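Protein chains in written order, with numbering that gives the first Met the number 0: chain A, 0 to 327; chain B, 0 to 507.
Beta carbons: idealized from backbone N, C-alpha and C, even for Gly.
As the structure is a computational prediction, the values presented were derived from the model and not from experiment.
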Amino acid sequence: MQKFSRRFLPLVVVALSILAGASAAFGDAMLQKPEGFGDRPLTMIVPYGSGGGSDQLSRAMAAAMTEAAGLEFQVVNKPGGGGTAAIPDFMLARADGYTVLEHIDDAVSAYASGSIAENPAVDWIPLCMAQITFSQVYIRSNEDRFSNWEEFVAWLGGNSGTATMANVGKVGSMELTVMEQLESALGIEISQISFDKPAERYAALVGGHVDLLFEQPGDVRNLTDAGEIKPILTFLRERPDVFADVPTHIEAGADFEPLTRFRGFYVKKGVPEEIVSFLSAACKAGFNTDSFQEFNRKKYMHLIDSFRDTEGSIALINDAIDTYSAMN
Amino acid sequence: MEQFLTGTAALFGDLTSITIFVCGLVGGALFGAVPGVNMLTLGAVLLPFTISMEPGHAVMLFSVIYCSGVFGGAITAILFNIPGAPENAPTCLDGYPMTVSGRAGKAIGAAVCCSALGGVASAILMMSATGAIAGWAVRAFGPQEVFSLIFFGLVVSASMGASNLWKGWLSVFAGLLIATVGTDPVGGIARFGEWTLFDLHYKSYYLSAGIHFIPMILGFFAISEVLVQATNISLGVRERPKASLEFPSLAEFWRVRFTLLRSTLIGFFAGILPGIGATLAAFLGYSQALRWSRHRDNFGKGEIEGVVASETANNAATGAAMIPLLALGLPGGALTAMILGIFQIHGMEPGPLIFINSGDLVWVTFAAMFWANVAIVLLGWVQTKTVVHILRLPFRWLAPGILILATIGAYALRNLMIDVWVMFVAGVLAYLLRASGYSAAGVILGLILGKLGESAFSKSMQLMDYNIFGFFARPISATLIIFAVVALAASIIGELRGDRRQNRPSET
Chain A
0 MQKFSRRFLP
10 LVVVALSILA
20 GASAAFGDAM
30 LQKPEGFGDR
40 PLTMIVPYGS
50 GGGSDQLSRA
60 MAAAMTEAAG
70 LEFQVVNKPG
80 GGGTAAIPDF
90 MLARADGYTV
100 LEHIDDAVSA
110 YASGSIAENP
120 AVDWIPLCMA
130 QITFSQVYIR
140 SNEDRFSNWE
150 EFVAWLGGNS
160 GTATMANVGK
170 VGSMELTVME
180 QLESALGIEI
190 SQISFDKPAE
200 RYAALVGGHV
210 DLLFEQPGDV
220 RNLTDAGEIK
230 PILTFLRERP
240 DVFADVPTHI
250 EAGADFEPLT
260 RFRGFYVKKG
270 VPEEIVSFLS
280 AACKAGFNTD
290 SFQEFNRKKY
300 MHLIDSFRDT
310 EGSIALINDA
320 IDTYSAMN
Chain B
0 MEQFLTGTAA
10 LFGDLTSITI
20 FVCGLVGGAL
30 FGAVPGVNML
40 TLGAVLLPFT
50 ISMEPGHAVM
60 LFSVIYCSGV
70 FGGAITAILF
80 NIPGAPENAP
90 TCLDGYPMTV
100 SGRAGKAIGA
110 AVCCSALGGV
120 ASAILMMSAT
130 GAIAGWAVRA
140 FGPQEVFSLI
150 FFGLVVSASM
160 GASNLWKGWL
170 SVFAGLLIAT
180 VGTDPVGGIA
190 RFGEWTLFDL
200 HYKSYYLSAG
210 IHFIPMILGF
220 FAISEVLVQA
230 TNISLGVRER
240 PKASLEFPSL
250 AEFWRVRFTL
260 LRSTLIGFFA
270 GILPGIGATL
280 AAFLGYSQAL
290 RWSRHRDNFG
300 KGEIEGVVAS
310 ETANNAATGA
320 AMIPLLALGL
330 PGGALTAMIL
340 GIFQIHGMEP
350 GPLIFINSGD
360 LVWVTFAAMF
370 WANVAIVLLG
380 WVQTKTVVHI
390 LRLPFRWLAP
400 GILILATIGA
410 YALRNLMIDV
420 WVMFVAGVLA
430 YLLRASGYSA
440 AGVILGLILG
450 KLGESAFSKS
460 MQLMDYNIFG
470 FFARPISATL
480 IIFAVVALAA
490 SIIGELRGDR
500 RQNRPSET
């Protein structure tokens, strides 16, 4: 499936050039490319497999940046190792701005825990963050032992004192860190079961093999819309409108700054400044296109402010590194 | 039935639908048959175009590709000992020996008809019981049951393709060992990512992704086969296989009716479970045929029943895999995940409500899979009469083609060179292993099931508070583990007693 980019590149390039040409002819406010940059396609490395959240975001952003800045992209998936297998190839590429890496907050937690050596805020330059979302705790809709967070905590105390939660396995990840913060703030214990594949995680909750699920709302929207599962706790400072009847962790009595899931785009350190600022502006313009906004709405990525520019991204990453380091 | 007819009518109602159906069928079979690319490659290429298609057409196209793609991989397995996809690996064990002995037509004919029969049966089962079965499977099969099933699969399949039981087990253990490379499924710790040998220090993120089974399969079957044939040519002992076009007779199918039935049930059952799917189905189907067959002495030497067993099971898994996808929104593999994507692109979310909200579309899917499997027979008959002629090409022309396709296939998997190196190293290792009676299929089985099994085992242990006897507290997992232990004991006793009978299949 990774062949897509290579096999269809000529077609895509032709199609995109026509598109680009057409919009240029109409005199859109298209960004001006720096002298001598962007005349050949850029490579966008996606460190996860095709069809997943990162892949869909990268392809949507590549199309949006084509529309907004006339850049052409070749999207290449290099999945494996929780997003680490793609990093050497990115670091080997020339620092000329022609290689863009998509990555998520897992790179930040991996750096904080020492699994990778590259600091995303120092060794890479973030162009922008294009998706920022929060996490929730879910239960089965037909769960008869408890139907909200308060009842769950009461059940947990009165029952055996332990509950099971389907979660990702990676030590030091956003998911496990947030749960650790919650458990220590409330003095409760929830046993985390590591599922490496998302579908298995959801099946474990739906099938009754675990009591709880930790996930972001966009990823399980089909299951919540179908009424199979429902959120009982939101990790945010304030309740978002869509989940107005679900309490936040602050309301539940745990006062900590919640980590978020964020996905964004990077170039290597050393890329000339004018190219970085052009790409960063292109990312922002792409984010603001109608098509990308529509994409993010479909993915439930419009519930909180989902955009950060380079400076904002660096602040976001550094805050996250501080939180992770404090927990380690 | 009425819904099925409506679905069928929608399928063949207009010229566009029929064109898409035929293209999907031929495309799937073609991509499935060429080593290095597979139905996933085709699916990824086509996925962006489905946005502008009618939802019914898009879903139909992918369902058809799914059915014919699984079948297409059997052709190269039989002709060149190169499984088009992991689920065709057991087909090599008897399919390739049949080619060598000049019965390629029969082997392909059997693969075609059984793929179709397994697929049709599975489509019918799927139509009659989707919602209920999916709910049951997801509730009844937790990590403990999945681990027990994998354990059972490992035990009963261990000895296939090796010259004796001990070498079979050693091959499987080698595969299990290779499966441990990479990121561990519990804590996400990178294993073998960093080591020091005397003064040599090595650290790389590449191995954090582990050794993938696709380059291993390409190396173990395709590269090593090229090396074997090259040896034979240089020693002057290679005979070009006869390109026979003979189709299997009805009597031959009647002889294997129980294997057909058994493999259909095994395939259907394995397909329902998310993440298990067609590969385990094919291995289980094959090993159970080996166990119960009256012709077990011929297994591994070109027994048509072996081809029947594995090809029926892997196609039976296709229909079953749609059940958790449609009824619960849980895709079992990469291609079903793409189908999920198509539903979502068109604003539909698979889940219990899809039968109510998009019932028409569901029945178009069912009808498409049913008719695709029926059409495979025709397609297969044409292919049998044509594709076998490739064998007439001199091997010195075929070999570079095989090597190029395999290299492209290994690289295209993740766009990482590491996979190409893994493939070539695996090819040389497999060449040496095969020469000494170890089993290539065993190593691959260990690798695939090792990854799945470790992940299921660690989840089970976490759920059971690290009490290993918890497996026996659950009826399904207890039954599977006890069966596995009994089968293991029986095979060891049998091996110790009856080495003389030599009822093991010879090396692949």
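Using a Cβ-Cβ distance under 8 Å, would B:Q382 count as near chain A? Residue numbering aside, residue 382 of chain B sits at position 383 when the second sequence is read from its first letter. It does not; no Cβ of chain A falls within 8 Å.
Enumerated in chain order, which unbroken segments of the alpha helix (DSSP H) with a length of 4 residues or greater are wholly contained in the region 44-74 of chain A? 52-68
What does A:H208 touch in chain B if you count any residue whose Cβ is under 8 Å from its own? Counted from its first residue, the first sequence places residue 208 of chain A at position 209. Under the 8 Å cutoff, chain B gives G141, P142 and L462.
Hey, A:Y97 and A:L41: beta-carbon distance below 8 Å or not? The sequence position of residue 97 of chain A within the first sequence is 98, counting from 1. The sequence position of residue 41 of chain A within the first sequence is 42, counting from 1. The answer is yes: Cβ separation under 8 Å.
Consider the Cβ of B:Y65: report whether some Cβ of chain A lies at a distance smaller than 8 Å. On the second sequence, residue 65 of chain B is found 66 positions in, with the first residue counted as 1. No, no contact with chain A.
How should A:D321 be labelled, buried or exposed, when 16 other C-beta atoms within 10 angstroms of its C-beta is the threshold for buried? One-based indexing of the first sequence puts residue 321 of chain A at position 322. A:D321 comes out exposed.
Are the region 283-298 of chain B and the region 307-315 of chain B touching by the rule of at least three beta carbon pairs closer than 8 Å? yes
Identify whether A:K268 lies in helix, strand or coil by the three-state DSSP scheme. The count along the first sequence starts at 1 and reaches residue 268 of chain A at position 269. If DSSP states are grouped into helix, strand and coil, A:K268 belongs with coil.
In this structure, how does DSSP classify A:V136 when only helix, strand and coil are distinguished? Taking the first residue of the first sequence as position 1, residue 136 of chain A is located at position 137. Note: A:V136 maps to strand in three-state DSSP.
Taking Cβ-Cβ distances shorter than 8 Å, what residues in chain B pair up with A:I115? As a working note, residue 115 of chain A is residue 116 in the first sequence. Correct list: Y204.
Which residues of the region 171-201 of chain A have a Cβ closer than 9 Å to any Cβ of chain B? Give them in chain order. G171, S172, S190, Q191, I192, S193, F194, D195, K196, A198, E199 and Y201
What are the start and end residues of the beta strand (DSSP E) that includes A:L211? Stepping through the first sequence from its first residue, residue 211 of chain A is reached at position 212. Per DSSP, A:L211 belongs to the beta strand (DSSP E) from L211 to E214.
CB contact below 8 Å: B:G181 versus chain A: Numbered from its first residue, the second sequence carries residue 181 of chain B at position 182. So, interface residue.
So within the region 56-83 of chain B, which uninterrupted beta strand (DSSP E) runs reach at least 3 residues, ignoring any that extend past its ends? none
Does the contact criterion of 3 or more C-beta pairs under 8 Å hold for the region 467-480 of chain B versus the region 209-228 of chain A? no
When B:G192, B:A57, B:G187 and B:A115 are compared against A:D195, the one with the closest alpha-carbon: As a position in the first sequence, residue 195 of chain A is number 196, starting the count at 1. Looking at the Cα atoms, B:G187 is the closest of the given residues.
The region 305-315 of chain A / the region 84-102 of chain A touching (three or more Cβ pairs under 8 Å): no
Taking CB distances under 8 Å as the criterion, tell me whether B:K241 reaches chain A. Translated into the one-based positions of the second sequence, residue 241 of chain B becomes position 242. No - not a single Cβ of chain A is within 8 Å of the one on B:K241.
Is there a Cβ from chain A that is less than 8 Å from the Cβ of B:L415? Looking up residue 415 of chain B in the second sequence gives position 416. Interface residue, yes.
Is any beta-carbon of chain A found at less than 8 Å from that of B:R138? Position 139 of the second sequence holds residue 138 of chain B. Chain A contact via Cβ: present.
Name, in chain order, the residues that DSSP records as bridge partners for B:E245. By one-based count along the second sequence, residue 245 of chain B stands at place 246. DSSP, once it has assigned bridges, lists no residue as partnering B:E245.
Contact list for B:K458 against chain E, beta-carbon separation under 7 Å: The structure shown contains no chain E; its protein chains are A and B.
Could you check whether the Cβ of A:T163 sits closer than 8 Å to any Cβ belonging to chain B? Walking along the first sequence from the start, residue 163 of chain A turns up at place 164. So, interface residue.
Measure the C-alpha to C-alpha separation of B:S22 and B:V69 and round it to an integer number of angstroms. Mapped onto the second sequence, residue 22 of chain B falls at position 23. Mapped onto the second sequence, residue 69 of chain B falls at position 70. Strictly speaking, residue 22 of chain B in this sequence is Cys, with Ser absent from that position. The straight-line gap from Cα to Cα measures roughly 16 Å.
Could you check if B:K202 is buried or exposed, using at least 16 other CB atoms within 10 Å of its CB as the buried criterion? The residue given as residue 202 of chain B occupies position 203 in the second sequence. Counting Cβ neighbours within 10 Å, B:K202 comes out exposed, since fewer than 16 surround it.
Quick check on DSSP: helix, strand or coil for A:K196? Counted from its first residue, the first sequence places residue 196 of chain A at position 197. Residue state, collapsed to three classes: coil.
Closest Cα partner of B:A110 within the set B:A122, B:S121 and B:M97: Taking the second sequence and counting its residues from 1, one reaches residue 110 of chain B at position 111. It is B:M97 whose Cα lies nearest to the Cα of B:A110.
Report the three-state DSSP secondary structure of A:N287 (helix, strand or coil). Against the first sequence, residue 287 of chain A aligns to sequence position 288. Looking at A:N287 - three-state DSSP - the assignment turns out to be coil, as it is neither helix nor strand.
Here's a check: name, in chain order, each residue in its chain whose Cβ is nearer than 7 Å to the Cβ of A:E273, leaving out the five neighbours to either side. Position 274 of the first sequence, counted from the start, is the residue given in the question as residue 273 of chain A. Around A:E273: P33.
My output table needs one value for A:S324: the three-state DSSP class, helix, strand or coil. Here residue 324 of chain A refers to the residue found at position 325 of the first sequence. A:S324 falls in the helix class under three-state DSSP.
Let me know if B:L377 comes out buried or exposed under the rule of 16 or more other beta-carbons within 10 Å of its beta-carbon. Along the second sequence, one-based indexing puts residue 377 of chain B at 378. By the neighbour-count rule (16 or more Cβ atoms within 10 Å), B:L377 is not buried but exposed.
Determine the DSSP secondary structure at A:A243, reduced to helix, strand or coil. For the purposes of this step, residue 243 of chain A is taken as the residue at position 244 of the first sequence. The answer is coil: DSSP assigns A:A243 none of H, G, I, E or B.
Which same chain residues end up closer than 8 Å to B:F470 when comparing Cβ atoms and leaving out the 5 residues on each side of it in sequence? The residue labelled residue 470 of chain B in the question sits at position 471 within the second sequence. Same-chain partners within the cutoff: Q143, F146, S147, S459, M463, S476, A477 and I480.
Does A:G113 pass the burial test, meaning 16 or more other C-beta atoms within 10 Å, or should it be called exposed? Taking the first sequence and counting its residues from 1, one reaches residue 113 of chain A at position 114. It is exposed - the Cβ of A:G113 has fewer than 16 other Cβ atoms within 10 Å.
Using the beta-carbon of each residue, which ones in chain A are nearer than 9 Å to B:P349? Working through the second sequence from its first residue, we reach residue 349 of chain B at position 350. Residues of chain A passing the Cβ test: N221 and A225.
Is there a Cβ of chain B sitting closer than 8 Å to that of A:V75, yes or no? Mapped onto the first sequence, residue 75 of chain A falls at position 76. Yes, A:V75 lies at the interface with chain B (some Cβ there is under 8 Å from its Cβ).
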